[in-house]
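K.L.:
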Amino acid sequence: MRNLFFLLVMICGIASCDVRKNDKVVDDGVQQLENAKKDTTTVQLIDSVYNFGTVADGEVVTFNFRFKNSGDKPMVITNTTASCGCTVPEKPEKPIMPGETGFIKVAFNSKGKIGHNEKNITVMANTNPAFPTLVLTGDVKEVK
């Protein structure tokens, strides 16, 4: 009796699996990727590298990297990251419309970063080709 019950549960479990649901999930993912490709735009960097020169240890350097939406679709920046926790990028919250200029504000805390520094900022956006890496560079001198 126990074996019969177990067999019945297994048959019901297998029968209830609908493989077509998995196909739909894959199809939806492909459709989303195709839609994302259709909604891409292009970017023109106005500032791609900023050299802040030499600063004293502990100073905070801020800079606004400028870029222009040179395409014909709104540009949506979904994420910005930096190569180090001492550098914090801030992305625009609203889409950048075609022809408009946008800014990515970056703050670099030089505390404990004595010597030459080069920080990379990665931007994720609906651009094709991909949004180029932004670079913040300069030297930090020890405070005496």
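Quick note on numbering: my numbering labels position 135 of the sequence shown as 138, and the sequence is numbered without any gaps. The beta carbon of each residue, even a glycine, is placed where N, CA and C say it ideally should be.
Between L139 and V109, is the Cβ-Cβ spacing less than 8 Å?
P.N.:
Contact: yes.
K.L.:
Note down the Cα distance separating F66 from T45, rounded to an integer number of angstroms.
P.N.:
Distance between the alpha carbons of F66 and T45 is about 23 Å.
K.L.:
At the level of alpha carbons, what is the spacing between T81 and F55?
P.N.:
Spanning the two alpha carbons is a distance of roughly 27 Å.
K.L.:
In the stretch 49-102, which residue ranges form an unbroken alpha helix (DSSP H) of at least 4 residues, counting only runs that do not cross its ends?
P.N.:
Counting only runs of 4 or more, we get nothing.
K.L.:
Taking the alpha-carbon positions, what's the N131 to F106 distance?
P.N.:
Cα to Cα, the separation comes out at about 18 Å.
K.L.:
Out of V64, K71, T57, which one is the CA nearest neighbour of A128?
P.N.:
Of the listed residues, the one whose Cα sits closest to A128 is K71.
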